[in-house]
Amino acid sequence: GLVGEKYGSIRVPGEVEAPEFEMILDAAVEAGLDTHILEEWYCRDENSVPPAYYLKPKAQMLKNYQNSMESSSAAKTKNDKAWRNVSEEIKRIFRRSVLQLQEKGTMKPPQAKKFLCSGMKASSSSSSSSM
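Residues in the sequence shown are numbered consecutively from 254, following this note's numbering.
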């Protein structure tokens with residue numbers, strides 16, 4: 254199988270409403286997970302209604318991994334690998350937290366499904382209907 258197939262069923266959410274994100278963050282802390290990566294990669298936008306957390310642009314976040322001495326393809330490979338690690342960790346935290354919240358009844362199944370279901374399923378069904 255592919256690397257990261259274990260969490261291949263969910264994708265990294267690009268936007269999460271603030272109350273949900275904070276609930277997930279609290280659950281992650283409660284579960285003893287390191288939430289540093291979520292705090293680093295998501296930023297709160299007070300101007301959106303309702304307030305939401307957005308995933309920061311990959312290019313902006315991964316530029317620390319780039320080294321001007323490397324060829325662009327080597328830097329890209331390095332960035333892809335770095336992003337894979339980051340996205341796997343983010344998905345792992347979301348998944349564990351959401352499952353925990355669902356177990357406690359804090360998060361309703363339809364709400365949890367948003368984080369646990371594959372983005373690929375949604376996109377493949379919408380593309381076939383447009384034909």
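Where a beta carbon is used, it is the ideal one built from N, C-alpha and C, also for glycine.
Residue i versus residue j: straight-line alpha-carbon distance, rounded
i, j, result
"residue 360", "residue 351", "7 Å"
"residue 295", "residue 284", "20 Å"
"residue 355", "residue 341", "21 Å"
"residue 348", "residue 280", "11 Å"
"residue 336", "residue 312", "10 Å"
"residue 276", "residue 334", "29 Å"
"residue 329", "residue 339", "15 Å"
"residue 290", "residue 325", "26 Å"
"residue 365", "residue 273", "10 Å"
"residue 369", "residue 292", "20 Å"
"residue 367", "residue 327", "35 Å"
"residue 264", "residue 353", "18 Å"
"residue 388", "residue 278", "One cannot answer for residue 388 here, as it falls past the ends of the chain, which runs 254 to 384."
Buried versus exposed, by CB contacts within 10 Å (16 or more), residue i
i, result
"residue 357", "exposed"
"residue 269", "buried"
"residue 362", "exposed"
Beta-carbon gap between residue i and residue j smaller than 8 Å
i, j, result
"residue 343", "residue 288", "no"
"residue 308", "residue 332", "no"
"residue 304", "residue 271", "yes"
For residue i, the three-state DSSP class (helix, strand or coil)
i, result
"residue 265", "coil"
"residue 373", "Because the pLDDT at residue 373 is just 45, under 50, the model does not fix this residue reliably, and the point stays unresolved."
"residue 284", "coil"
"residue 329", "helix"
"residue 314", "helix"
"residue 344", "helix"
Those residues which DSSP pairs with residue i across a bridge
i, result
"residue 305", "270 and 298"
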